[in-house]
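Chemist:
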Amino acid sequence: MAHALVLNATYEPLCVVPQRRALVLVLARKAVALEDTGVVLHAATLTVDAPAVVRLVRFVRVPYRGPVPLTRRAVFARDGGRCAYCGGTAATIDHVVPRSRGGNHEWHNVVSACRRCNHVKADRMVSDLGWRLHPPQEPTGAAWRILGTGRSDPRWVPYLEAYGGQDLAGLATA
Ligand SMILES: [Zn+2]
Numbered sequence: 117m118a119h120a121l122v123l124n125a126t127y128e129p130l131c132v133v134p135q136r137r138a139l140v141l142v143l144a145r146k147a148v149a150l151e152d153t154g155v156v157l158h159a160a161t162l163t164v165d166a167p168a169v170v171r172l173v174r175f176v177r178v179p180y181r182g183p184v185p186l187t188r189r190a191v192f193a194r195d196g197g198r199c200a201y202c203g204g205t206a207a208t209i210d211h212v213v214p215r216s217r218g219g220n221h222e223w224h225n226v227v228s229a230c231r232r233c234n235h236v237k238a239d240r241m242v243s244d245l246g247w248r249l250h251p252p253q254e255p256t257g258a259a260w261r262i263l264g265t266g267r268s269d270p271r272w273v274p275y276l277e278a279y280g281g282q283d284l285a286g287l288a289t290a
């Protein structure tokens, strides 16, 4: 089942829901469709375009946002799909301080890396190898929560880019 992006009344990305759920919001006039998929859904008495992006009519207050989920997909997006060590095409996730040396699985300690660098680095430290690394940061912005779901759609990109997802075009079509 395809999914739709739900925006707050302020256009802030909120969550991802199945398209039928998004359609129910639109039919109940709780949301308006901003982008259609072109896919027609058939209900008992009507046929309608399945929405790809909807915006809530009323503002929903989000009380607390936890940390951005750390997923392989989100790390690749943050690092632009490049190896953090050599700039080549990334294919793996590397722990900067290796797990075997007490490194944690957290945003500040993971980077995307090519297979070669990951293999060469193994359980060594960046300083052992004389390599340079721009310290990895935790991404901020509502778009990253959507990315963490692992779902994407090219029609979502303009709405996510406005909220912290800088380089999402490639990700959304990946
Ligand atoms: Zn590399």
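Everything in the sequence shown is counted per my numbering, starting at 117 for the first residue and increasing by one. Using N, Cα and C, we set each Cβ at its ideal position, and we do this for glycine too.
Quick check: is any heavy atom of ligand 1 less than 6 Å from the C-beta of Cys-293?
Modeler: An answer regarding residue 293 cannot be provided, because it is not within the stretch 117 to 290 covered by the chain.
Chemist: According to DSSP, which residues form a beta bridge with Ala-147?
Modeler: Start at 1 with the first residue of the sequence shown, and residue 147 comes out as number 31. For Ala-147, which the question treats as bridged, DSSP gives the partners Leu-172.
Chemist: To the nearest angstrom, report how far apart Gly-203 and Val-142 are at their CA atoms.
Modeler: Along the sequence shown, read from residue 1 onward, the residue named residue 203 stands at position 87. Along the sequence shown, read from residue 1 onward, the residue named residue 142 stands at position 26. Answer to the nearest angstrom: the Cα atoms are 44 Å apart.
Chemist: From Leu-276, Val-273, His-211 and Arg-271, pick the residue whose C-alpha is nearest to that of Leu-249; which is it?
Modeler: Residue numbering aside, residue 249 sits at position 133 when the sequence shown is read from its first letter. Cα-wise, what sits closest to Leu-249 is His-211.
Chemist: By alpha-carbon positions, which one of Gly-196, Asp-239, Cys-131 and Leu-139 ends up nearest to Arg-215?
Modeler: Translated into positions along the sequence shown, residue 215 becomes position 99. Cα-wise, what sits closest to Arg-215 is Asp-239.
Chemist: Looking at the structure shown, is Thr-289 part of a helix, part of a strand, or coil, going by DSSP?
Modeler: The residue labelled residue 289 in the question sits at position 173 within the sequence shown. Low confidence applies here, because Thr-289 scores a pLDDT of 41, under 50, leaving its location unreliable; read the following figure in that light. Helix, per DSSP.
Chemist: Between Thr-126, Glu-277 and Trp-260, which has its C-alpha nearest Val-173's C-alpha?
Modeler: Here residue 173 refers to the residue found at position 57 of the sequence shown. Taking only the C-alpha atoms, the option nearest Val-173 is Thr-126.
Chemist: Rounded to whole angstroms, what is the Cα-Cα separation between Trp-247 and Ala-229?
Modeler: As a working mapping, residue 247 is identified with position 131 in the sequence shown. As a working mapping, residue 229 is identified with position 113 in the sequence shown. When rounded, the distance between both Cα atoms is 13 Å.
Chemist: Expressed to the nearest angstrom, what Euclidean distance is found between the alpha-carbon atoms of Val-169 and Gly-182?
Modeler: Looking up residue 169 in the sequence shown gives position 53. Looking up residue 182 in the sequence shown gives position 66. Rounded to whole angstroms, Val-169 to Gly-182 spans 24 Å at the Cα level.
Chemist: Can you say whether Ser-243 is buried or exposed, counting buried as having 16 or more other CB atoms within 10 angstroms of its CB?
Modeler: Counting from 1 along the sequence shown, the entry for residue 243 is found at position 127. It counts as exposed.
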